[in-house]
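Participant:
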Amino acid sequence: MAHPKRKISKTRRDKRRTHYKAEAKNLAICPTTGEFHLPHRAFWHEGKLYYKGKVVMEKEVLA
1 MAHPKRKISK TRRDKRRTHY KAEAKNLAIC PTTGEFHLPH RAFWHEGKLY
51 YKGKVVMEKE VLA
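When you line the sequence shown up against my numbering, it's residues 1 to 63, in that order.
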């Protein structure tokens with residue numbers, strides 16, 4: 001198995017890790033409702049499930 005010949009300092013280790021950053025999610029706007037949502041995903045709005053601007057499913061109300 002490979003072993004490091006020298007100890008990597010905390011500074012050197014952290015310098016390497018600076019390139020991994022969280023990115024803001026890209027949001028799309030629904031043409032029908034005007035809601036922000038993840039692209040290529042269905043989303044709920046006011047009890048209805050929308051996908052590509054069309055109603056796919058409506059939430060059932062249990063009595």
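Note that beta-carbon positions come from the ideal geometry of N, C-alpha and C, so glycine has one too.
In its own chain, which residues sit with a C-beta less than 6 Å from the C-beta of Leu27, not counting the 5 before and 5 after it?
Facilitator: By 1-based counting over the sequence shown, the position of residue 27 is 27. So the list reads Phe36, once near-sequence residues are dropped.
Participant: Less than 7 Å between the C-beta atoms of Gly53 and Pro31, yes or no?
Facilitator: Numbered from 1 along the sequence shown, position 53 holds the residue referred to as residue 53. Numbered from 1 along the sequence shown, position 31 holds the residue referred to as residue 31. The answer is yes: Cβ separation under 7 Å.
Participant: Quick one: grab the DSSP three-state call for Lys48.
Facilitator: As a position in the sequence shown, residue 48 is number 48, starting the count at 1. Correct three-state label for Lys48: strand.
Participant: Give the DSSP bridge partners of Lys54, in chain order.
Facilitator: By 1-based counting over the sequence shown, the position of residue 54 is 54. Tyr51, per the DSSP bridge assignment.
Participant: Counting only the same chain and skipping the five closest in sequence on each side, list residues whose C-beta sits under 8 Å from that of His45.
Facilitator: Residue 45 sits at position 45 when you count from the first residue of the sequence shown. Correct list, in chain order: Cys30, Thr33, Glu35.
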